[in-house]
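For reference, the structure is listed below as structure tokens.
Protein chains: 2
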Amino acid sequence: MAQHNAFYAQSGGVTAVINASACGVIETCRQNSDRIGKVYAGHNGIIGALTEDLIDVSQESDDTIAALRHTPGGAFGSCRYKLKDIESHRTQYERLIEVFKAHDIRYFFYNGGGDSADTCLKVSQLSEKMGYPLTAIHVPKTVDNDLPITDNSPGFGSVAKYIATSTLEASMDIASMCATSTKVFVLEVMGRHAGWIAGAGGLAGQGEGEPPHLVIFPEIPFDRRQVMERVEYAVKNYGYCVIVVSEGARYEDGTFLADSGNTDAFGHRQLGGVAPTLAGMVKQDLGYKYHWAVADYLQRAARHLGAKTDVEQAYAVGVKAVELALEGHNAQMPAIKRVSDNPYRWEIEAAPLAEVANREKFMPREYIREDGFGISDAGRAYLAPLIQGEDFPPFENGLPKMARLKLARVEKRLPAFSL
Amino acid sequence: MAQHNAFYAQSGGVTAVINASACGVIETCRQNSDRIGKVYAGHNGIIGALTEDLIDVSQESDDTIAALRHTPGGAFGSCRYKLKDIESHRTQYERLIEVFKAHDIRYFFYNGGGDSADTCLKVSQLSEKMGYPLTAIHVPKTVDNDLPITDNSPGFGSVAKYIATSTLEASMDIASMCATSTKVFVLEVMGRHAGWIAGAGGLAGQGEGEPPHLVIFPEIPFDRRQVMERVEYAVKNYGYCVIVVSEGARYEDGTFLADSGNTDAFGHRQLGGVAPTLAGMVKQDLGYKYHWAVADYLQRAARHLGAKTDVEQAYAVGVKAVELALEGHNAQMPAIKRVSDNPYRWEIEAAPLAEVANREKFMPREYIREDGFGISDAGRAYLAPLIQGEDFPPFENGLPKMARLKLARVEKRLPAFSL
């Protein structure tokens, strides 16, 4: 069969395992060199395609590509750049097709979340209209776990493992200090819209009095009085209180805790952080000594603690994306299907992009405990398998070894294009 | 020879490996059961001795004790409680001796930092005056690495490895996002007085342009204009800027950055956090989009990423403490002596407590780069060996497995004592 090139790009916030998906895509392309010629990666995601800033992946050795499996971040650069409405900004989409045409690219693998699924679908539709034979496959990724259809999103399991582990470890710390020192520890985690990551913190403990004593979800309106009662109860009964709070925690009226209208001495909005805000409330209302942590990028970059399941799934959706393309499927996304909870078994199936694009999956209410401050048994049954297994990266001189890419650029063939 | 009991207690902020020292002490006591009877642990440190709240460690299985080696936090409870001046508060010291006498305790192992070394010395001196035969040995511990005599302090190496790894991983993240999103990432680390932990962040990179681009030490007065110039330079030349900042960063006049006099809308002092303060300055002066993280307890509890060297040294000082006691040494501390940098070799030697107590070891100026914003070659040579090697704990259901102790209490023999 005829040989054509492939394009791969990373989109949106990166994860600890998005490069494992890249690894799956590239290795599978290399295994099918009779049909797929070169893989070109977009430098900084789709911007690389628009500006014809392409990385020639064929310049990277097999060892380097294999090392992507244990390298966090986005190896080819990602971007926060949403293509505009296709009706009024058709030029951008047409430019993509032009670039693909100029470089004989007939396979389009787009690794991202909900927005990029939408872009992938539109590119697929437009190429069909324009009569250019392009196979567009979306590769799922997001730490937020909010993609529909797929049982979970690659990237989430590793964050979940990191947050559950960190919650457990920090709880051991405060438990040993609480007699004379810190009584309350607050850990702020990602997930502005959905409480999946906060819920993962709940995996750290289970029995009566085991931390975390409170998980604060964006899905449950924040009630200061009720929260403080719980904190006081935990300190009085267990000696200390561990709280995992979502950055998206909000009041009944939708106002974020982290944006409570406070301003500093210069009149600037108080610098974010739900954790310090909540810790301040604890001090103010209850007088307890506190500590707080904000994991931020640390949580989604922590490949050193990647979940084995997550790494395997991230790799598998990369592999499946290429297989789907070679089988002639178009506008699809490899989705993870849960076959059973215990033992946990999963498989990959194809989902039509039209069903994926522009839909967010929130944490179902039944995964949250009735009182709203922890995960339910159903939530635990869903979350627990996703943090299973370890997949430590190789270390060198005490630090995780990272893939070091050449990132050789492909010669441009088209006039410049401004974004 | 006659058999007497031993007392072990943990003091001050706990570390990822203080329990490895406990493991070394207890296992070595068990191996010398002809001379050492039971090990009694102080519940919540020295408070346990004062209040006769003793844990009978003989009730714990060998497996449980072995598991201490990979369990963070302080297994028997620690405390922030400094014994007062011996001249005016002699009662407390005498009470310790009474409790020891009541339970036939003739070996006193105190696991802590500078303050507890001082307590240990005083207890030793007083017991001698009172004619009670007590052998007092201090077991070094502190994430701050500020103990004198010992080349490094057990607990520091694991924090250093965690911070270096987290800096490296988060740098991979921001590097891939910086084209269209976050330009500056700020990681706040512990170390209010000494920049050892901040310096460890410097191990993440070395070459021109490699992150972290700035390390901000408490030892170097903070100059906002100069720092912002550096941040701007990094963003313009490398696309992004990673900053590791010590919680103890301060201005020339000694004011901490985190306590810059700002108040919130309610008139309260702005809730701490050097990282959000510094990130706010970046936004204000340069307009760059930022992210910030505060690792807090996560860094010193992160046993999942313990440095092999650190775990081994923590265990070794525990073993040596018991050996010193059995050899009849008193008022000593096992100290780590560096034999060579590369290959890194170390041994344990005894140091007199009189030389250890109440002295802090700061980061030498020659370990900091001349410009003040990074570690020098000498600093790197000192720090690099301490993060070497991995010693992953066993995992169960996706989480690190922790020792679970019975913490059986010893029957009290004395009247109650109020602190």
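If you read the protein sequences in the order shown, they are chains A and B. Position 140 of the first sequence, counted from 1, bears residue number 140 in UniProt numbering, the numbering being contiguous throughout. Position 10 of the second sequence, counted from 1, bears residue number 10 in UniProt numbering, the numbering being contiguous throughout. We put the CB at the ideal spot given by N, CA and C, even for glycine. Fair warning: this is a prediction, and the values are worked out from it, not measured in the lab.
Taking all protein chains shown into account, do 16 or more other C-beta atoms lie within 10 angstroms of the C-beta of Leu68/A, making it buried, or fewer, making it exposed?
buried
Does the beta carbon of Ala75/A fall short of 7 angstroms from some heavy atom of the ligand SAM?
This structure simply doesn't include the ligand SAM, nor any ligand for that matter.
So, Ala170/B versus Leu298/A, is the Cβ gap smaller than 8 angstroms?
yes
Spatial neighbours of Trp292/A in its chain, beta-carbon cut-off 6 angstroms, leaving aside the 5 residues before and after:
Val186, Ala275, Pro276 and Ala279
Given this structure, state the Cα-to-Cα distance separating Phe256/A from Glu247/A, to the nearest angstrom.
8 angstroms
Ordered along the chain, which non-local residues of its own chain (more than five positions away) have a Cβ less than 7 angstroms from that of Pro352/B?
Ala331 and Gln332
Could you round the C-beta distance between Ala160/B and Ile220/B to whole angstroms and report it? I think they count as a contact, below 8 angstroms.
Incorrect: roughly 19 angstroms between the Cβ atoms, too far for contact.
Closest to Ala408/B by C-alpha separation, out of Gly114/B, Glu128/B, Ala22/B and Phe76/B, would be which residue?
Phe76/B
Using a Cβ-Cβ cut-off of less than 9 angstroms, list which residues of the stretch 198 to 212 of chain B approach chain A; keep chain order.
Leu203 and Ala204
Straight-line Cα distance separating Ala16/B from Asp259/B
28 angstroms
Taking 8 angstroms as the threshold, find out whether the stretch 15 to 29 of chain A comes into contact with the stretch 305 to 313 of chain A through three or more Cβ pairs.
yes
Tell me whether residue 462/B is buried or exposed, calling it buried when 16 or more other Cβ atoms sit within 10 Å of its Cβ.
In the structure as shown, chain B starts at 1 and stops at 419, and residue 462/B therefore has no counterpart that could be examined.
Distance check for Ile375/A and Val99/B, CA to CA, integer angstroms please.
45 angstroms
Can you tell me where the alpha helix (DSSP H) with Met333/A in it begins and where it stops?
Not the alpha helix (DSSP H): Met333/A falls in the beta strand (DSSP E), residues Gln332 to Asp341.
Determine, using beta-carbon pairs with one atom in the stretch 177 to 194 of chain A and one in the stretch 316 to 336 of chain B, whether at least three such pairs fall under 8 angstroms.
no
7 angstroms Cβ shell around Asn358/A - same chain, five flanking residues per side excluded
Gly114 and Asp118
Taking only three categories from DSSP, how would you classify Gln284/A?
helix
Does Ile375/B have its Cβ less than 8 angstroms from a Cβ in chain A?
no
So with Cβ pairs under 8 angstroms, would you call Asn397/B a contact of chain A?
yes
Contacts around Tyr107/A, its chain only, beta-carbon distance under 6 angstroms, and the 5 residues preceding and following it disregarded:
Ala6, Thr135 and Ala325
Taking the alpha helix (DSSP H) that Glu27/B falls in, what are its first and last residues?
Ile18 to Gln31
For Ala204/B and Ala164/B, believed in contact at Cβ under 8 angstroms, the rounded distance:
5 angstroms
Please identify the residue among Leu383/A, Met172/A, Tyr40/A and Phe373/A whose C-alpha is closest to the C-alpha of Asn341/A.
In the sequence as displayed, the identity of residue 341/A is Asp instead of Asn. When each option's Cα is compared against that of Asp341/A, the closest is Leu383/A.
In the structure shown, what three-state DSSP assignment does Asn237/B receive?
helix
From Leu414/B to His70/B, what distance separates their C-alpha atoms?
35 angstroms
Option nearest Leu126/A by Cα separation, candidates Gly155/A, Thr91/A and Asp104/A
Thr91/A
How would you write the range of the alpha helix (DSSP H) that Gln299/B sits in, first residue to last?
Tyr297 to Ala301
In this structure, does DSSP put Phe156/B in helix, strand or coil?
helix
Secondary structure at Pro364/A, three-state DSSP: helix, strand or coil?
coil
For Val339/A, is the classification buried or exposed, using 16 other Cβ atoms within 10 angstroms of its Cβ as the cut-off for buried?
exposed
Can you find the residues in the same chain that come closer than 7 angstroms, C-beta to C-beta, to Lys283/A, ignoring five residues on each side of it along the sequence?
Tyr290
To the nearest angstrom, how far is it from the Cα of Arg300/A to the Cα of Ile174/B?
11 angstroms
Helix or strand or just coil, what does DSSP make of Ile149/A?
coil
Going by other Cβ atoms of all chains shown within 10 Å of its Cβ, with 16 needed for buried, is Asp63/B buried or exposed?
exposed
Does the beta-carbon distance from Ala49/A to Leu83/A come in below 8 angstroms?
no
Three-state secondary structure assigned by DSSP to Gly37/B
strand
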